[in-house]
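*Asks:* Pasting a structure below so you can have a look.
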Amino acid sequence: MIYLDYAATTPVDPRVLDAMMPYFRENYGNPSSVHRLGQKAEAAIDSAREKVAAVLHCRPDEIIFTSCGSESDNLALRGAMMARRNASGKTWILTAKTEHHAVSKTAEQLEKEYGFLLEWLGLDEHGAVTTESLSKAVCNNTALASVMYANNEIGTINPITVLAEIAKANNILFHTDAVQAAAYLDVNVEKLGVDLMSLGGHKFYGPKGVGALYVRKGTKLLPHMTGGGQEYSLRAGTQNVPYIVGFAEALHLAAQERESRTAHVKPLRDHIIGNVLETIPDSKLTGHPENRLPNHASFVFKDVDGNLLLQMLDSAGFACSSGSACKTGNPEPSEVITALGHSRDWALGSLRITLGVDSTPEHVDSFLNALPGLVEKARKLHN
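When you read off a place in the sequence shown, starting at 1, and then add 28, the result is the number in my numbering.
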């Protein structure tokens, strides 16, 4: 099986696994316990927090460990909106239709169930949130804007630093979902200027089931899990020590090896994009041609059922995805592709190919040899 779905998840790096192993059996203490085993576990979390803070260029006490990127998004949006309304009565949240569901569905729920007000930000033709739309949407009653760093479905990178500056100038909080971006882009929060940033371990060769939320000092959040005082009383529950250790190690390695990993995947990505657009009629690239994640290629094919194409690719030995991994089996076109303005006959035929450390030129060539025939076959079955 040739794996071309690294944006959905990645295999755990052996070095990450090695760092995690001692905390399952030998050092299995509860970090809240006073005894030596507890202290060992607590020390492991402290050092993981420092490791993450070093990559983010922030203070260790600005890092909150969570169970995943989606939980980090939920804590950021729900926690910040509730706290802002309590403190100042501000009720508007600004975000985009192209966000991961962990952000867009949370924003919709805040509007529907909690009485907040929601406005969708405008996009350019490549699916990036425009700085003009944020400047226009901001009002005295705006509490928070949330814009992802890089899009999981179409790979487009958003102008986060400029957007964060606009937010700051208007005294509103700025959150970015960097879950997809952290594998390849610089997550220095000082450079980015964000107040809140979500990360998820399994997108950069760490384990599933662990994430983090950066919370700039002084940013008030209402905790969404109450109980013991873990994670600075923002997220109760016994910490998942081995996973937190693994998360920190994986993020550290991603930052350390960023340049070599990018240099490995980018030429393969460019080869895929050039070849697909050349060899497959009625094909379009989705997302920005240059300003996109270095491992990410995504397309729409006219008159193709994306899910059928995925099944055919799977039978042929290739793992890819259509739209977002969280939406497989859904016959409706993805909101992200629709937001780009594609009509239904195009939008249903989306394909995402994402590369990683184990991808080789041979894998890519083998995929590019198989794809045109499979698209043609899918078209015949569609018509």
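Ideal Cβ placement from N, Cα and C applies to all residues, glycine included.
Go through its chain and collect everything with a Cβ distance to K355's Cβ below 7 Å, but skip five positions before and after it.
*Replies:* Summary for K355: the model assigns pLDDT 49, below 50, so the residue's position carries little reliability, and this model does not support an answer.
*Asks:* Can you name the residues that DSSP bridges to D205?
*Replies:* DSSP, once it has assigned bridges, lists S226 as partnering D205.
*Asks:* Pick from E141, Y142, K133: whose alpha carbon is nearest that of W148?
*Replies:* The residue with the shortest Cα to Cα distance from W148 is K133.
*Asks:* Is F346 near A398, with beta carbons less than 9 Å apart?
*Replies:* In this structure, A398 lies closer than 9 Å to F346 by Cβ.
*Asks:* Can you tell me the Cα-Cα spacing of L65 and I73, whole angstroms?
*Replies:* Near 13 Å, if we compare the C-alpha coordinates of I73 and L65.
*Asks:* Between M48 and P309, how many whole angstroms is the CB-CB distance? I'm expecting something under 8 Å.
*Replies:* Wrong, their Cβ atoms sit about 48 Å apart, outside the cutoff.
*Asks:* Using the Cα positions of P389 and A367, report the straight-line distance between them to the nearest angstrom.
*Replies:* Roughly 33 Å between the two C-alpha positions.
*Asks:* Can you give the Cα-Cα distance for H203 and M176, rounded to whole angstroms?
*Replies:* C-alpha separation (whole angstroms): 8 Å.
*Asks:* Kindly confirm or deny that the stretch 112–129 and the stretch 271–278 touch, where touching means at least three C-beta pairs closer than 8 Å.
*Replies:* Because the criterion of three Cβ pairs below 8 Å is not met, the stretch 112–129 and the stretch 271–278 do not touch.
*Asks:* With DSSP run on the structure shown, which of helix, strand or coil describes G239?
*Replies:* If DSSP states are grouped into helix, strand and coil, G239 belongs with the strands.
*Asks:* Out of D342, V238, L337, R320, which has the shortest C-alpha to C-alpha gap to A76?
*Replies:* When only C-alpha atoms are compared, the closest one is V238.
*Asks:* Going by CA-CA distance only, name the one from V392, G221, L409 that's closest to H292.
*Replies:* Closest by alpha carbon: V392.
*Asks:* List the whole-angstrom C-beta distance separating Y233 from V40, where the pair is believed to meet the contact cut-off of C-beta under 8 Å.
*Replies:* Indeed, because the Cβ distance is near 6 Å, the residues count as touching under 8 Å.
*Asks:* Expressed to the nearest angstrom, what Euclidean distance is found between the alpha-carbon atoms of S226 and T123?
*Replies:* Answer to the nearest angstrom: the Cα atoms are 15 Å apart.
*Asks:* Contact between the stretch 211–219 and the stretch 246–262: three or more CB pairs below 8 Å?
*Replies:* No, the stretch 211–219 does not touch the stretch 246–262.
*Asks:* Rounded to a whole number of angstroms, what is the C-alpha to C-alpha distance between L32 and S98?
*Replies:* Those two C-alpha atoms are separated by around 23 Å.
*Asks:* Kindly identify the DSSP beta-bridge partner or partners of Y31.
*Replies:* DSSP output for Y31 lists A347 as bridge partner(s).
*Asks:* Under the DSSP definition of a beta bridge, which residues are partnered with E147?
*Replies:* Answer is L122, bridged to E147.
*Asks:* Does the distance from the CB of S343 to the CB of R380 come in under 9 Å?
*Replies:* Not a contact, by the Cβ cut-off of 9 Å.
*Asks:* Taking the alpha-carbon positions, what's the D46 to Q284 distance?
*Replies:* So the two alpha carbons sit approximately 18 Å from each other.
*Asks:* Taking only runs of the beta strand (DSSP E) that begin and end inside the stretch 309–341, which ones reach a length of at least 3 residues, in chain order?
*Replies:* The qualifying runs are 311–313, 324–329.
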